[in-house]
Every structure is written in structure tokens, then in C-alpha cells.
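When the letters of the sequence shown are read in order and numbered with this note's numbering, they come out as residues 1155 to 1281. Ideal Cβ positions, reconstructed from N, Cα and C, are used throughout, including at glycine. Please read all numbers here as calculations on a predicted model, not as lab measurements. The structure appears below as C-alpha cells.
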Amino acid sequence: CLQTTNSLQSSSPSSACVSVTDSTQQQPRRNEHEVGNVLILDHVNFNHEKGRHDWLKAFYFDFLGCVPDPRKAENLDKGRKTLWANLGAQQFHLPEGKPEAQVLEGIITLAYSRQAMADMSDRFEDA
């Protein structure tokens, strides 16, 4: 559910959370983060449930606004195998699990402009 205009979190406590942040808000200094001083992470790899490309497309591409990486775009059309979802300089690598999905016990924060946040909120309300 969309809890505020600045965060999105699943309702299941054992599920991964995606926190969506307005990039115009003041961000904490690097050394104040609980997890260290990581500034960029090239990609994150999540196994997804086999046969759920429909869900991946709806969440990563339609809702979050990721763009399919051209090197794996044909897999989206075919509805199988690994997808790469580009979001700026970062990627989500989304290979099919065998057969179950991977569960992440953690939070990933994505920063968006105010306009992108408003657009995302509209897409959430329309869903």
C-alpha cells in the first residue's frame, strides 16, 4: 500500500519493502546511514517466481518506471527467463527462480523527483 506520498511498502512483514523517496527532500549525510557509506550499487539480483513476467512488468516497468534493458528485452516479449530493469544507472536483475521466488528481508530505497512521485501516486491510485 502507498503509506505516504514518500514511501511504498508491502503489507506483509516478511516481504521486501521498496521505499520511494522524493529526491528534493534533504537526505541524510553519507556517514549517517545505518549500512555504511555505499553511494551506488550497480545492480541487485532477485529471483522471481517462474511464469510471473506479467507481475514483473506491472511492478517494475509500469509502476516504478523502470525501462527494460535492450539486452534482455526479448525475454519480456517471450514472458520467460531473466529480465533486467534499468532505473537510471542502476538495474534490477530478475532471473526466474527454480521454481520459487527469492524473499528479501530488507529495504531498498529509490529516489524520485517530485513530479515522478506525483505520477507514481496517480498510477497507484488507478491500479
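Legend entry - Beta-ladder partner(s) of VAL1257, from DSSP: Looking at the DSSP assignment, VAL1257 forms no beta bridge with any residue, so it has no partner.
Legend entry - Residue closest to GLU1259, alpha-carbon to alpha-carbon, out of PHE1200, ARG1277, LEU1195 and ILE1194: PHE1200
Inset, instruction - Using only alpha-carbon positions, find the residue among HIS1247, LEU1237 and TRP1209 that is nearest to ALA1281. - result: TRP1209
Legend entry - Own chain residues within Cβ distance below 6 Å of LEU1241, not counting five before or after: CYS1220
Legend entry - C-alpha gap between GLY1205 and ARG1234, whole angstroms: 7 Å
Inset, instruction - State the CB to CB distance for the pair PHE1215 and ALA1239, rounded to an integer number of angstroms; the pair is presumed to be in contact (CB under 8 Å). - result: 7 Å
Legend entry - With 16 other Cβ atoms within 10 Å as the buried cut-off, status of PHE1246: buried
Legend entry - Distance CB(THR1236)-CB(LEU1248) smaller than 9 Å: yes
Inset, instruction - For ASN1240, write down the residues that DSSP places opposite it in a beta bridge. - result: VAL1221 and GLN1245
Legend entry - Sheet register partners of GLU1250 (DSSP bridge): HIS1202
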